[in-house]
Amino acid sequence: MSAEIICVGTELLLGDILNSNSQFISQQLAYLGIPHYYQTVVGDNPERIKQAIKTATSRSEILIFTGGLGPTLDDLTCETIADFFGVPLVEKTEIIEDITKKFAQRGRVMSPSNRKQALIPQGAEILPNSTGTAPGIIWQPHPGLTILTFPGVPKEMQQMWLDTAVPFLKSQGWGQEVIYSQSLKFWGVSESALAEKVSSYLNLQNPTVAPYADKGGVRLRISAKAPDLNKAEELITPVAEQLRQIAGLDYYGSDNDTLASVVGQLLQKSATNLSVAESCSGGSLGKLITEIPGSSNYFWGGIIAYDNSVKVKCLGVNNDDLINLGAVSAKVAEQMAIGVKTSLQTTWGLSITGIAGPGGETETKPVGLVYIGLAGPENEVKSYECLFGNQRTRSLLQQLSASTALDKLRRSLLEKI
44 MSAEIICVGT ELLLGDILNS NSQFISQQLA YLGIPHYYQT VVGDNPERIK QAIKTATSRS
104 EILIFTGGLG PTLDDLTCET IADFFGVPLV EKTEIIEDIT KKFAQRGRVM SPSNRKQALI
164 PQGAEILPNS TGTAPGIIWQ PHPGLTILTF PGVPKEMQQM WLDTAVPFLK SQGWGQEVIY
224 SQSLKFWGVS ESALAEKVSS YLNLQNPTVA PYADKGGVRL RISAKAPDLN KAEELITPVA
284 EQLRQIAGLD YYGSDNDTLA SVVGQLLQKS ATNLSVAESC SGGSLGKLIT EIPGSSNYFW
344 GGIIAYDNSV KVKCLGVNND DLINLGAVSA KVAEQMAIGV KTSLQTTWGL SITGIAGPGG
404 ETETKPVGLV YIGLAGPENE VKSYECLFGN QRTRSLLQQL SASTALDKLR RSLLEKI
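One point on numbering: in my numbering, the residue at position 35 of the sequence shown is 78, and numbering is uninterrupted.
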């Protein structure tokens, strides 16, 4: 038994709207322990919708539709489903009354076109919409097949799913198990290298372990199927601990942890504080840090020293070094780190200087070359050379630079604690 998600809407195919509905439903199916192996996005075309239904009914027992339930001519989901199964549409008075009432509450009169939303396949039950005008349906056109439809508006769909769909699915005997996942996060190691280290775990059956790249980092997703959440966690916990031990310092957190949140915790644990100096990252590092609630407890501030004159005047960088070595150099990164640490009187100073591109490279300094400077509690200073490559966008290079700088600080903090 498995479920399949079919999202209807040409706007999804064109990329005009982010398909967050499929993500929400996927997570909810996992929570209910209902496997699903396929998702389809199809435009507002009856024949193509029918083809999607034909394919889905050959391999899945629960079909979940989103979109195409509105009052306009291109809202075709219900009528196409009815046509596919050869049943007529029937008008439900209670739906018209509900829509009329909702319009009246807004001081408006229901448009004639909204009557279309009251038409559902004969034999289907209404899946009520408490916030919008488009109801869905719950229908079992024949034994072994269940169809649920939802509007495309995420807020409406999510409320309808929680209020009606979940209780219905559970009443039908589904949702008796849960599929629970935990993500372990890593930085400073490639996906392939990590996969080799943990290769013996990638063939486990329950829980399963799968690696995937994640915006410059790597994740290991551990998933377990069990009668309840506690038992699923019991299956995952020992495997997660073994994987953390194998990865060592490359592991930095789990699930909702970020490099910035982990660094913040370490700074508070060590009763130390931080300031930053940024050149090519243009404030990206400070942004990551200040996105964390409570970061004012350990983050004093930063200096965006884009022009060399700012590096000299505000950070005390030696002008001769800028001339002879260039702003993108290990020595300048170190001086920026100690300069901001001294200027803002913090325990740690962290700096970034590099070439974010797409121009500005030289024969010896390509786009993607970045130096990170780190000044510590005893004014000890380190620098790190990073080669991120010239095939990345400017914004991605800035993000990678900021995240890598946080990772270097994280590792140094762990050495001190």
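Every residue gets a Cβ at the ideal spot worked out from N, C-alpha and C, and that includes glycine.
Here the alpha carbons of residue 249 and residue 268 stand approximately 7 Å from one another. If you keep only unbroken alpha helix (DSSP H) runs of at least 4 residues inside the segment 175 to 250, you get 197 to 203, 209 to 214, 234 to 240. According to the DSSP assignment, residue 89 belongs to the alpha helix (DSSP H) that extends over 89 to 100.
Taken in chain order, the complete alpha helix (DSSP H) segments of 4 residues or longer contained in the segment 281 to 366 are 302 to 312, 327 to 333, 351 to 358.
A Cβ-Cβ distance of about 17 Å is found for the pair residue 424 and residue 370, leaving them out of contact under the 8 Å criterion. In the displayed model, residue 151 falls within coil according to three-state DSSP, outside both helix and strand.
Here the alpha carbon of residue 112 sits roughly 24 Å from the alpha carbon of residue 187. Per DSSP, residue 168 is not a residue of any alpha helix (DSSP H); the beta strand (DSSP E) it occupies stretches across 168 to 170.
Taking the CA atoms as reference points, residue 71 sits about 31 Å from residue 288. Checking the DSSP bridge columns, you'll see residue 50 partnered with 84, 109. The C-alpha of residue 178 lies about 20 Å from the C-alpha of residue 214.
Residue burial annotation: residue 388 is exposed, with fewer than 16 other C-beta atoms found within 10 angstroms of its C-beta.
The same chain holds no residue with a CB closer than 7 Å to that of residue 235 once the five nearest residues on each side in sequence are set aside.
With a 10 Å radius around the Cβ and a threshold of 16 neighbouring Cβ atoms, residue 89 comes out exposed. In terms of CA proximity to residue 143, 176 leads the group 124, 164, 176.
For residue 459, the enclosing alpha helix (DSSP H) has its first and last residue at 437 to 459.
Taking every protein chain shown into account, the CB of residue 118 has 16 or more other CB atoms within 10 angstroms, so this residue is buried. Under the 8 Å Cβ criterion, the segment 332 to 341 counts as touching the segment 305 to 314, having at least three qualifying pairs. Per DSSP, residue 421 lies in no alpha helix (DSSP H) and is assigned neither H nor E. In this structure, residue 412 and residue 430 form a Cβ contact; the two beta carbons are roughly 6 Å apart against a cut-off of 8 Å.
Taking 8 Å as the cut-off, the Cβ atoms of residue 75 and residue 212 count as close. Look at residue 370 here: in three-state DSSP terms it is coil, with no helix or strand label. For residue 298 against residue 230, the beta-carbon gap comes to about 15 Å, at or over 8 Å, which does not count as contact.
By the CB criterion at 8 Å, residue 132 and residue 163 fall inside the cutoff.
Its Cα nearest to that of residue 240, the residue 285 stands out among 285, 404, 270.
The Cβ atoms of residue 128 and residue 184 lie closer than 8 Å to each other. Rounded to the nearest whole angstrom, the CA to CA distance from residue 194 to residue 446 is 38 Å. Comparing alpha carbon positions, the residue from 154, 344, 362, 415 closest to residue 383 is 344. The residue from 280, 272, 259, 320 with its alpha-carbon nearest to that of residue 395 is 320.
Note on geometry: alpha-carbon atoms of residue 69 and residue 51 lie some 16 Å from one another. Shown here, residue 141 sits in a helix according to DSSP, grouped into three states. Of the residues assessed, residue 58 falls on the exposed side of the cut-off, its CB having fewer than 16 other CB atoms within 10 angstroms.
In the DSSP assignment, residue 407 falls outside any beta strand (DSSP E), carrying neither H nor E. Taking the Cβ atoms as the reference, residue 359 lies roughly 7 Å from residue 378, within the contact range of under 8 Å. For residue 134, the uninterrupted beta strand (DSSP E) segment begins and ends at 132 to 134.
Bounds of the alpha helix (DSSP H) holding residue 69 are 63 to 74.
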